[in-house]
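S.K.: There's a structure below that I have some questions on.
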Amino acid sequence: MFFAVSADSSYDCTNCGACCCSFPIFASDSDARREPRIKDETKVLSKHLASGQYAYQLHPLPFQDRCAFLNQDALCGIYPTRPNVCRKFQAGSEQCIEARSRQGIV
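Note that my numbering has the sequence shown beginning at 315, numbered continuously upward.
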């Protein structure tokens, strides 16, 4: 799951999609209300796995695939209504650099 961390403010997102291919991505019920396709196109977490915060898994296990909403151009297909965890992810953060490294992008 992503956490907002300090980022290099001089770093611009390159739209590589690495952040959507390298970490588990979870969505909450409020995210699903904002973007109804989350309920239809992702895995619903079973009650014993779902926390009070997250109810849907957008990224298949194991984490060798991509988010269900990442298109062929490495762009988010639900960008205007994307989950809060995606909104908080910062370009240039340690997690961004790690994601790019995992995908072989320098």
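A virtual CB, placed ideally from N, CA and C, is assigned to each residue, including glycine.
Measuring only the C-alpha atoms, how far is G406 from C327?
M.R.: C-alpha separation (whole angstroms): 7 Å.
S.K.: Measure the alpha-carbon distance for S415 versus C330 and round it to whole angstroms.
M.R.: Cα to Cα, S415 sits roughly 12 Å from C330.
S.K.: When you compare only the Cα positions, how much space is there between L389 and Q417?
M.R.: Whole-angstrom Cα-Cα distance: 15 Å.
S.K.: Tell me the rounded alpha-carbon separation between I411 and D379.
M.R.: Rounded to the nearest angstrom, the two C-alpha atoms are 18 Å apart.
S.K.: Going by C-alpha distance, which of L384, N398, R347 and D343 is nearest A332?
M.R.: Of the listed residues, the one whose Cα sits closest to A332 is L384.
S.K.: Where do the N-terminal and C-terminal ends of the alpha helix (DSSP H) with V399 fall, by residue?
M.R.: From DSSP, the alpha helix (DSSP H) with V399 extends over N398 to K402.
S.K.: Quick check on DSSP: helix, strand or coil for C327?
M.R.: In this structure, C327 counts as coil in the three-state DSSP scheme.
S.K.: Could you work out which residue in V399, I352 and E408 is closest to P338 when comparing CA atoms only?
M.R.: Comparing Cα-Cα distances from P338 to each of V399, I352 and E408, the minimum goes to V399.
S.K.: With distances taken between CB atoms, is the gap from L426 to A369 smaller than 8 Å?
M.R.: Given a span of 315 to 420 for the chain in the structure shown, any question on residue 426 remains unanswerable.
S.K.: For Q367, collect the residues of the same chain with a Cβ closer than 7 Å to its Cβ; drop the 5 residues on either side in sequence, then sort them by chain order.
M.R.: Hits under 7 Å: S342.
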